[in-house]
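Residue numbering for the sequence shown follows our numbering, starting at 174 and increasing by one per position.
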Amino acid sequence: MGKKKPVPFSGHHVDNNKTEKPFDKFFVIQRISSNKETFETVSPFLVQRAIVSTIGEVNSVRKLRSGDLLVEVNSLKQAQQILKLKSFETVQINVTTHRTLNSCKGVITCGELFNDTMEQITQELKSEGVIHVRRINIRRDGKLVPTKHLILTFNSPKLPESIRAGYIKLPVKPFIPNPLRCFKCQRFGHSQSTCRGTLTCARCAVAGHESTGCTSDEKCANCKGGHTSFSRSCPKWKLEKEIVTTKVKKGISFPEARCLVQAQTPTEVKSYASALKTPLVTSMTQTKRVVILTTDTDSDPISDSPIAERSTKKFKKKRMPKAQQSLALKFSKQGSHLKDLKSKRSVALDLGKAGLATRDLASLFGNPSTSSELLEIHPSEDDVEDFQMSCELPATQLTGSPSAASICPPSDIISQDELNILVDQLPAPFILLGDFNGHSTLWGSDSTNSRGRQIEQFISDNCLCLLNNDEKTYFHEPTPTFHSLDLAICSPELLPMLNFAVGSDLCNSDHFPLIISPVDSSSVTSCPQTYIFQRADWAEFTRRAVITEAIISPDSITDAIQNVIDCIICAADATIPKRSPLPRKFRKPWWNEVCREAYKKQRKLWGIFRRYPTTVNLIAFKRARATARRVRRRSQRESWIKYISSITSTISSAQMWKKVKAANGIYTEFAFPILKTSTISHSSPSDIANVIGQTFAEFSSRDSYCPVFLAKKKQAERLNLQFRTRRHFPYNNDFQMFELKRALSPTRSTCPGPDGITYNMLRHLDESSLLHLLRLFNRVWNEQLFPVQWHEAIVIPILKPGKDPTEPTNYRPIALTSCLCKTFERMINVRLLYEIEKNECISPYQSGFRRGRSTIDNLIHLDSQIRNAFVRRNHLVSIFFDIEKAYDRTWRFGILRALFDMGLRGNLPIFIQKFLKNRFFRVRIGNEYSHRFNQNEGVPQGSVLSVTLFILHLSRILHVLPSSVSGTLYVDDLQISCQGSNMALMERQLQKAVNKLTTWCDENGHSLSPEKSRCVHFCRKRNIHPDPVIQIRGVDIPVVQEDHHLD
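Right under this line is the structure:
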């Protein structure tokens, strides 16, 4: 019966999943030979018999590249037996355990183990199968800093999911090492000890010397890019890293991982259909119209611009010719119809009225908001718009996308007179682009047909110019041959101003794109170059940007400030890369490296087919195109799934709509249209900048004030305000380092001013440079001088929502001033606010930009009044005022007088006095700047001190209100309200308050707008009662049911 199995006692648990003791499974068998022979000359049958006869059947036996054998055993007993083998019959061998396959590495993260030594951790985790522990260190400022991440080596090839470190259960993640790179030849996949390549520099990729001391330009030996061979931004390094990651996570060999990764790497072709579905955005400075002219063609549709008018003249029904029948059959197989083929054939651009296009090419083509200065016209098979227009229909300027089209089937015959009549309807100068389906040796065909001779006659009769060269524009897939069918014809005055080129990629069509570009691209507006702070070398910047005593010691304050600017900008240019001046490229959110590689392979095979048009090369290109399309669709699907998964309860609406717009190719990029003044239209960027600058200057000029205020202003400014004093005031003391650091700490990364310095640069200065910068600020403070550079501002005009973009007055100025000056202003503003709050110079009902105040205070105050009126069954009438151009018309002398009345003397009011004088600005459109314009009145836009000075000046308006009317202010948002049971009495009180406000504005240079002001009547009474009638200068204030306050 055998030995009786032990039975567990009651309550005892039997562990059926007991794990066996780990053992080495992989062994390497080396042949011992004096001639260094391997198993290449040993019979595999001999090896198999020897292994089976001694240790039994094993899992696998494989031969390595070195000629040795790799054996995987099944059990501990086999592992012990194989180590005792000394020979295979007459072949002497040596058996050792494999160096890496019998163990694995994982990473754990535990801050509690930070203070334990590696020996202690190894000893404590020995029961978990850990045989070695190493801590991950990172380099910070040239020093190695230990982290809380540990690399554990286990004595088993299978990585555990978790381990226990005392009472803590820690998950184990697989350790993914960096790719192995040879320090000799710089290639990946082997080490220096086994390298058979030549010595190559890791910095410049030149053979023959090491990288130590090399000062040549950086170049990668692997990808030939502009970086070093050890850079982690190298695409080759990223590919190798992905291969290593795949090998570790999937537990496969390096060759298998490499094949798997490379099999997942194709890319997308951007079709011209998708390019044309996004409107062709050029700068709206162009004054031109678009005219689409087509003749018969077999190309795919290209334009998706809507056509507002259709032909009243219909084509007669005819029997479909055989060629057209075959074409219809071809399209029916693709799921399309012949009418889709007839919809849109070619494009011709009318570049404007006569006399406007001869010199200003920027106004002809506009300023493209894409990254290219080219105009590409290309047919694509993805558009399905259906429109037709007779050749006799005149070109019509349409709203939105003005265009006209003419579709003529191949069977129709167009007379020479019809073509000439159509050209007569086009305002010159113009360009005609399209598939004319005519062959002629004039534009590169091998022969001339009847249609080609007709086009030649058409060009000759109308004195037009042909832009084409001998490049082929059409690919006939059945035969595979190339032809010239697409033509570009223009007016004679445009010929010397245009370049013609044919694109090299079909992009899912059978026609190549025609590319028209200006000869002189200097007129095309580019974007200003900005620093890429994400790629900045801040350590090197700090080392270079050293402000010394010699820099700040010149006699002139202006020279000292300029020295500081030059020092910081020179360091930034050397350590911070800049973006391209070309307009930004907008990529689809699903475009990735896989799509890019597939597109690259498709382009490569297309280039091979263009050079060698054989059937084999055509098939290879089609396969690559199909692969790219499949990869693109998979990427789109995965991107969409990822986007849907990201929509949770925590995502903000701004982030969600940003992704939706990016997926649809909608980007908020504004282009300036033609600006219209009373006598002329302005289209070039420099003219637009000057017109808008002149408009902004008029807002702050003395002529914008009413005559009553001008008389008072002239009389008041005769008074000389003496701010100089010998008395000592605490607010005139020198500034300390803590004040400078406090001014820099809360700042955000805003756009730089005219000097190009940003807050990021100032925050990365070392202590010595900050100390000298502080001394320079104190020098400006004590010498009571204001640097010339700080008087200037760069103004970016922003269109007001819902306004006409052609009107210069509908733009809001966004001023960019020097960050150096704004830092100093922030230090001064803290002292100024303290004095204002201490002396209670601002009304408690002014909540704008004051510590502990916000819009909530004003809203709660109004809400309390409304609820109080409802409880008492009273009326409440509230008026929300709009103060016209409040910042630009602020009386500077009134601000200084308010400071004088506060009792401020010395450096603080003198700095503000200098700060307000001699202000000027320039308007920037793209990379074009306007002339210099003076800002005679008003507080400077974009400055820190301006808001404080403005609220100090405007807060006095609340003092004129009668006691029965309450009012609140948030900077320039003025609101007053009155409640009561008698509407007539309330009207008199409110009208009295409005009259006093109007008088105060007249005396201080401001103006209330009755059209933009609003009156709201809050009441819960059910009986009929009239709305209040309140007037500003005899104009009724509109009474509305609701209004946006402080939005």
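Just so you know, even glycine gets a beta-carbon here, dropped at the ideal spot from N, CA and C.
Residue interval of the beta strand (DSSP E) (run including residue i)
| i | result |
| --- | --- |
| HIS1048 | 1048–1054 |
| VAL264 | 264–270 |
| PRO344 | 341–344 |
| LYS278 | 277–282 |
| ALA338 | 335–338 |
| ALA203 | Sequence inspection shows Gln at residue 203; the Ala mentioned does not correspond to that position. Run containing GLN203: 199–204, per the beta strand (DSSP E) assignment. |
| PHE782 | Taken as a continuous stretch (DSSP letters only), PHE782 belongs to no beta strand (DSSP E), being part of the alpha helix (DSSP H) at 766–784. |
Close-in-space but distant-in-sequence residues of the same chain around residue i (CB under 8 Å, 5 per side omitted)
| i | result |
| --- | --- |
| ILE1231 | Nothing can be reported for residue 1231, as the shown portion of the chain is limited to 174 through 1220. |
| GLN589 | GLN627, GLN630, PHE631 and ASP634 |
| GLU1215 | VAL1189 |
| HIS1104 | ASN863, GLY866 and ARG1095 |
| PRO333 | GLY279, GLU301, GLY302, PHE327 and VAL345 |
| SER276 | ILE304, THR326, PHE327, ASN328, SER329 and PRO330 |
Those residues which DSSP pairs with residue i across a bridge
| i | result |
| --- | --- |
| ALA661 | LEU606 |
| ALA966 | PHE1094 |
| SER1150 | SER1051 and SER1139 |
| VAL675 | LEU687 |
| ALA988 | VAL968 |
| ASN1107 | PHE1093 |
| ARG354 | PHE361 |
| GLY311 | Correcting the residue type first, residue 311 is Ile in the shown sequence and not Gly. ILE311 pairs with VAL318. |
| ALA380 | THR373 |
| ARG235 | LEU243 |
Residue range of the alpha helix (DSSP H) that includes residue i
| i | result |
| --- | --- |
| ALA252 | 249–255 |
| ASP390 | Segment: none, ASP390 is in no alpha helix (DSSP H) and carries neither H nor E. |
| TYR1007 | 992–1011 |
| LEU946 | 940–956 |
| PHE1226 | The structure shown does not extend to residue 1226, since the chain spans only 174 to 1220, so no value can be given for it. |
| THR1088 | One point to set straight first is that residue 1088 is Phe, not Thr, in the sequence displayed. First-last of the alpha helix (DSSP H) with PHE1088: 1080–1089. |
| ILE724 | 722–725 |
| SER1037 | 1028–1044 |
| HIS1190 | From DSSP, HIS1190 is part of no alpha helix (DSSP H) but of the beta strand (DSSP E) over 1187–1191. |
| PRO858 | 858–872 |
| PHE427 | 427–436 |
| CYS740 | 730–748 |
| ILE1124 | 1117–1127 |
| GLY1067 | 1065–1075 |
Residue from the options whose Cα sits closest to the Cα of residue i
| i | options | result |
| --- | --- | --- |
| ASN1168 | GLY1178, LYS422, GLY1207 and VAL220 | GLY1207 |
| LYS1087 | ASN208, PHE1066, ARG1105 and ALA436 | PHE1066 |
| PRO701 | CYS994, ARG376 and PRO754 | PRO754 |
| PHE1094 | SER854, ILE969, GLU1057 and LYS392 | ILE969 |
| SER1232 | PHE361, LYS316, ALA1166 and GLN221 | Residue 1232 lies beyond the range of the chain shown here (174 to 1220); nothing can be said about it. |
| PRO1082 | ASP1146, ALA1042 and ARG1004 | ARG1004 |
| VAL379 | THR367, ALA394 and GLU297 | ALA394 |
| CYS1151 | SER851, ARG1046 and ALA1042 | ALA1042 |
| SER613 | ASN351, GLU1013 and ASN622 | ASN622 |
| LEU1219 | ASN1031, MET1156, TYR1102 and HIS937 | ASN1031 |
| TRP963 | ASP928, PRO600 and HIS945 | ASP928 |
| SER1131 | LEU667, TYR1143 and PRO1183 | The sequence shown places Leu at residue 1131, rather than the Ser named in the question. Of the listed residues, the one whose Cα sits closest to LEU1131 is TYR1143. |
| SER207 | ILE266, LEU249, VAL225 and LEU258 | ILE266 |
| SER1221 | PHE1123, TYR1102, ASP289 and ARG1024 | Summary: the structure shown does not reach residue 1221, with the chain confined to residues 174 through 1220, and so no result is reported for it. |
| SER729 | GLU292, VAL961 and PRO974 | VAL961 |
| ILE1222 | PHE673, SER618 and TRP616 | In this structure the chain extends from 174 to 1220, so residue 1222 is not present and cannot be described. |
Same chain, Cβ closer than 7 Å to residue i, neighbours up to 5 away in sequence not counted
| i | result |
| --- | --- |
| ARG708 | PRO750 |
| ALA375 | GLN359, SER384, THR401, SER402 and PHE403 |
| CYS387 | CYS374, ARG376 and CYS377 |
Nonlocal neighbours in the same chain, by C-beta distance under 6 Å from residue i, ignoring five residues either side
| i | result |
| --- | --- |
| LYS995 | VAL1117 |
| ARG235 | LEU243 |
Near the ligand MG: residue i beta-carbon under 7 Å from a heavy atom
| i | result |
| --- | --- |
| CYS358 | Of ligands this structure carries none, so the ligand MG is not represented either. |
* To do: Would you mind listing the alpha helix (DSSP H) stretches within the region 622–664 that are 4+ residues and don't spill past its ends, in chain order?
  => Within the region 622–664, the complete alpha helix (DSSP H) segments at least 4 residues long are 623–634, listed from N- to C-terminus.
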